[in-house]
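Each position in the sequence shown, counted from 1, maps to that position plus 4 in this note's numbering. Glycine included, every Cβ here is placed at the ideal spot set by N, Cα and C. As the structure is a computational prediction, the values presented were derived from the model and not from experiment. Presented below is the structure to which this report refers.
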Amino acid sequence: MKDRPVIYHIPVCPFCQRIEILLTLKGLEGAVDFGVIDITRPRPPWLLDYTGGTTALPILVDEHERVLKESLVILRYIDERFASPQIARPDPYERAVEGMMITREGPFAMAGYTMVMNRDRAKIEALREALLDHYRWLNDFLLRHNPDGTWLFDRFGLAEAVFTPLMMRFWFLDYYEGFVLPEGPDFARVARWRKACLAHPAAQQVSREEIVKLYYDYAVGSGNGALPQGRAASSFVFEPDWRGRPMPPRDKYDRIASDAELGLLG
Ligand code: GAZ
């Protein structure tokens, strides 16, 4: 029997970072073990036995070999199983408000990922507007529930743990798409929240440089460890380590950089 739950994850995956943030907020970094999966290789058979064939991570395997999937479900499980300190709002109304905000995470993620993966110049403007609509919604939601504060409530909580990893991945939009939140009242509240989320000490598991380098392949249209045309190595490989690689070129609409240019040759 395992002596604690094991979370199988891809290190730079936003859905996995949510769980690391939650554990850090709870002061429980040692309560679960992590098993690192290399997204650039086929999934090992033992992992597919756990999942029943699905490949999305993270999953949690408990001491009785029982498997949980979906990051939001795993967050709740950890928050309830290791109950103190509780990160989700204890008050039922506030918990529901937190829940309303969290329901937007999937479409928000999709808007940002669709934008970074796009290589058709004719679509840039519509994708940018679609993402701005999400930020507008978040701005209004935060204004309604906590107009003068920074967080949704009084501290970095569950909603922040859910959204922060996505906003960090969206550093790839700033780098590859030149996307920044416009100045002004439509976005001032969400900009304040975003800035505080990105700077929070419990959320420093990844850096902008790491995101920009590892997600190069997404920027040229290849997701989830798939190989872009003309390339033999994925930008998500563990070796060579991202720290030693150059910053990738930004001209994603014109060409795909080679393994050599990306520093991927061992
Ligand atoms: N809903 C799940 C959760 O746990 O919250 C999502 C988990 C998930 O998608 N994990 C991805 C994975 O394991 C890694 S992160 N993929 C490997 C596989 O074999 O399935 C998101 C996108 C997208 C493309 C990629 C990602 C992403 O849209 O971040 O949209 C949201 C994958 C094109």
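Beta-carbon proximity of residue i to residue j, cut-off 7 Å
i                 : j                 : result
valine 77         : tyrosine 222      : no
glutamate 102     : arginine 93       : yes
glutamate 33      : leucine 26        : no
proline 62        : phenylalanine 19  : yes
leucine 218       : phenylalanine 242 : no
isoleucine 11     : leucine 52        : no
aspartate 37      : arginine 8        : yes
phenylalanine 160 : isoleucine 215    : no
tyrosine 180      : arginine 254      : yes
leucine 156       : isoleucine 91     : no
glycine 270       : proline 244       : yes
phenylalanine 191 : asparagine 143    : yes
threonine 154     : alanine 200       : yes
Exposure label - residue i; buried when at least 16 CB within 10 Å
i              : result
tryptophan 246 : buried
histidine 13   : buried
tyrosine 97    : exposed
methionine 105 : buried
valine 40      : exposed
serine 88      : exposed
aspartate 152  : exposed
alanine 126    : exposed
aspartate 258  : exposed
alanine 35     : exposed
aspartate 83   : buried
alanine 60     : exposed
serine 75      : buried
serine 262     : exposed
alanine 264    : exposed
Contacts around residue i, its chain only, beta-carbon distance under 7 Å, and the 5 residues preceding and following it disregarded
i            : result
serine 238   : Thr44, Asp221, Gly229 and Leu231
valine 210   : Val16, Gln21 and Met172
aspartate 42 : Phe242
Contacts around residue i, its chain only, beta-carbon distance under 8 Å, and the 5 residues preceding and following it disregarded
i              : result
isoleucine 260 : Val224, Pro232, Gln233, Gly234 and Arg235
leucine 79     : Arg22, Ile23, Leu26, Leu162, Ala165 and Val166
threonine 118  : Leu131 and Ala134
tryptophan 141 : Arg108
arginine 85    : none
glutamate 67   : Met5, Lys6, Asp7, Arg8 and Pro9
Integer Cβ distance of residue i from residue j, believed to fall under 8 Å
i           : j             : result
valine 194  : tyrosine 139  : 5 Å
lysine 6    : arginine 123  : That pair is no contact at about 44 Å.
alanine 207 : threonine 168 : 5 Å
Close Cβ partners of residue i (< 6 Å) along its chain, the five nearest in sequence each way excluded
i                 : result
tryptophan 197    : Leu146
leucine 268       : Ala237
phenylalanine 174 : Gly116
lysine 73         : Ile63
alanine 113       : Leu170
Cutoff 7 Å: residue i Cβ touching any chain D Cβ
i            : result
arginine 247 : You won't find chain D in this structure, because it holds only one protein chain.
Handout entry: alpha helix (DSSP H) runs contained entirely in the stretch 20–87, provided each spans 4 or more residues
Key = 49–55 and 75–85
Exercise for the section: Closer than 5 Å is what we want: which residues have a beta carbon that near any heavy atom of ligand 2? List them in chain order. Expected result: For ligand 2, the structure offers nothing, since it holds only ligand 1.
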